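**Q**
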Ligand SMILES: [Zn+2]
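Numbering (my numbering), first residue to last: 10 to 345.
(1) From what residue to what residue does the alpha helix (DSSP H) around residue 271 run?
(2) I'd like to know if residue 184 contacts chain D, where contact means its C-beta is closer than 8 Å to some C-beta of that chain.
(3) What first and last residue would you give for the alpha helix (DSSP H) that runs through residue 184?
(4) Tell me whether residue 242 sits in a helix, a strand or coil according to DSSP, three-state version.
(5) Can you have a look at residue 260 and say buried or exposed, based on whether 16 or more other CB atoms are within 10 angstroms of its CB?
(6) Run the proximity test for residue 282: is its beta-carbon closer than 7 Å to any non-hydrogen atom belonging to ligand 1?
(7) Rounded to a whole number of angstroms, what is the C-alpha to C-alpha distance between residue 125 and residue 81?
(8) Please go through the same chain and pick out, in chain order, the residues whose beta-carbon is closer than 7 Å to the beta-carbon of residue 231, but skip the five residues on each side of it.
(9) Between which two residues does the beta strand (DSSP E) carrying residue 52 extend?
(10) Can you determine whether any heavy atom of ligand 1 sits closer than 7 Å to the C-beta of residue 288, and answer yes or no?
(11) Out of curiosity, what's the CA-to-CA distance linking residue 328 and residue 150?
(12) Let's see if you can read the secondary structure: which residues bound the alpha helix (DSSP H) around residue 38?
(13) Could you tell me if the beta carbon of residue 246 falls within a distance shorter than 7 Å of some heavy atom in ligand 1?
(14) Sorry if obvious, but does the Cβ on residue 107 come closer than 7 Å to a heavy atom of ligand 1?
(15) Give the DSSP bridge partners of residue 280, in chain order.
(16) Buried or exposed for residue 36, please, with buried defined as at least 16 other CB atoms from any protein chain shown within 10 angstroms of its CB.
(17) Beta-carbon within less than 6 Å of residue 14's beta-carbon, same chain only, minus the 5 sequence neighbours each way: which residues are those?
(18) Are the CB atoms of residue 184 and residue 152 within a distance shorter than 8 Å?
(19) Does the beta carbon of residue 139 fall short of 7 Å from some heavy atom of ligand 1?
(20) Assuming residue 321 and residue 307 form a contact by the criterion Cβ under 8 Å, report the distance between their Cβ atoms to the nearest whole angstrom.
(21) By a C-beta neighbour count over all protein chains shown, 10 Å radius and 16 as the cutoff for buried, is residue 146 buried or exposed?
(22) Pick out whichever of 56, 276 and 336 has its Cα sitting closest to the Cα of residue 229.
(23) Considering only residues of the same chain and omitting the five flanking positions on each side of residue 227, which have a CB-CB separation below 7 Å?
(24) Looking at C-alpha atoms only, which residue of 107, 23 and 38 is the closest neighbour of residue 341?
(25) Just checking residue 314 against ligand 1 - is the residue's beta carbon closer than 7 Å to any of the ligand's heavy atoms?
(26) Would a C-beta distance cut-off of 8 Å place residue 330 and residue 72 closer than the cut-off?
(27) Under DSSP, the alpha helix (DSSP H) around residue 294 begins and ends at which residues?
(28) Per DSSP, what are the beta-bridge partners of residue 173 in this structure?
(29) Out of curiosity, what's the CA-to-CA distance linking residue 233 and residue 271?
(30) So the alpha helix (DSSP H) residue 197 belongs to, where does it begin and stop?
(31) Enumerated in chain order, which unbroken segments of the alpha helix (DSSP H) with a length of 4 residues or greater are wholly contained in the stretch 83–151?
(32) Return the Cβ separation of residue 281 and residue 305 in integer angstroms, given the expectation that the two are a contact with Cβ distance under 8 Å.
(33) Is residue 242 close to ligand 1? I mean its beta-carbon at under 7 Å from any heavy atom of the ligand.
(34) Using the beta-carbon count (16 or more within 10 Å), is residue 225 buried or exposed?
(35) Any idea if residue 29 is buried or exposed, counting beta-carbon neighbours within 10 angstroms, 16 or more meaning buried?
(36) My assumption, with CB atoms under 8 Å, is that residue 222 sits in contact with residue 135. Please give the rounded CB distance.
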């Protein structure tokens with residue numbers, strides 16, 4: 010995970026290579042679309058206006074509304090959980106990951122008003138708890154205005170590392186690097202790292218209202234809306250490839266069961282935490298199939314065709330783009 014505040018400059022060579030790659034992908038998509046109409050699945054995380062958003066997860070309500078209006082006018086919007094074999098023209102599916110409260114408080118009213126369906130992949134272990142998602146808590150602590158010690162020593166007996174933390178640049182480096190390391194460990198070790206971070210900064214645990222996960226009541230509200238479906242997104246939001254098979258099964262089946270208890274209905278689809286190809290394995294895919302999910306969402310850009318593995322549906326992450334930039338990103342898929 011990178012800290013956008015300290016994002017290093019992309020070299021000219023990198024920029025050139027990126028353009029060549031984009032051009033090649035656009036060409037590939039164009040030819041594929043001639044043979045089979047694609048479904049482009051979009052990933053949102055939050056609809057909110059945030060003071061700071063280091064992970065770039067939030068789209069403002071204004072941009073979200075404009076994006077949906079454009080999509081509704083231009084494409085059929087299909088439900089992620091439906092069978093797409095009957096799709097006859099380029100279509101779009103809307104998804105949300107994680108289960109922030111603003112999904113219900115800000116996104117759902119806009120979806121209902123515009124009559125656009127969306128699926129919400131909810132991290133079951135976060136629902137109704139008084140914890141922030143771990144990446145938000147790391148941001149609050151490391152980028153906060155505390156009286157910092159000059160260095161942070163992390164030691165959990167199995168992992169030991171020291172970061173200098175005197176300057177904002179050094180804390181940005183700690184922020185990016187510790188989030189990357191936290192992705193590799195299980196929830197209990199992550200909790201112990203968070204405790205060490207709190208102790209280092211001299212702060213307790215806080216839940217900022219703006220960053221909280223949805224409550225059980227808010228989840229039920231999603232379940233009652235005809236424009237929303239709920240999908241599973243594990244219990245602890247750990248990259249599944251980092252866990253033994255038995256733990257993966259608990260995360261996959263456990264989240265499905267827990268959400269089904271709350272909602273009183275089947276939860277048919279799943280989304281892999283982080284969702285890049287290295288964040289899950291073929292065993293993970295098989296576990297999703299065995300758990301009874303009919304489809305699973307990954308998190309690398311692409312569009313789904315009839316030959317796409319339904320357990321690895323690619324998705325495009327949407328950032329807080331004004332409409333012209335949003336359209337530019339969609340153009341990579343030759344459907345606008
Ligand atoms: Zn997620």
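Backbone N, C-alpha and C fix where the C-beta goes; we use that ideal spot for every residue, glycine too. These numbers were taken from a predicted model, which means no experiment stands behind them.
**A** On the basis of the coordinates in this document:
(1) 254–272
(2) Protein chain content of the structure displayed is limited to a single chain, and chain D is not contained in it.
(3) 177–191
(4) coil
(5) buried
(6) If you check the C-beta of residue 282 against ligand 1, you find a heavy atom less than 7 Å away.
(7) 7 Å
(8) 113, 117, 129, 237 and 239
(9) 48–53
(10) no
(11) 24 Å
(12) Residues 21–44.
(13) Correct: residue 246 has its Cβ closer than 7 Å to ligand 1.
(14) Yes; taking the cut-off as 7 Å, the Cβ of residue 107 has a heavy atom of ligand 1 nearer than that.
(15) 306
(16) exposed
(17) Bear in mind that the predicted position of residue 14 carries a pLDDT of just 41, short of 50, making it too unreliable to give a figure here.
(18) Yes. Within cutoff.
(19) Answer for residue 139: no, Cβ out of range of ligand 1.
(20) 5 Å
(21) By the C-beta density criterion, residue 146 is buried, having at least 16 other C-beta atoms within 10 angstroms.
(22) 276
(23) 110 and 113
(24) 38
(25) no
(26) At a Cβ-Cβ threshold of 8 Å, residue 330 and residue 72 count as neighbours.
(27) 291–300
(28) 160
(29) 12 Å
(30) 196–210
(31) 117–123 and 143–151
(32) 7 Å
(33) yes
(34) exposed
(35) Exposed is the call here.
(36) 4 Å
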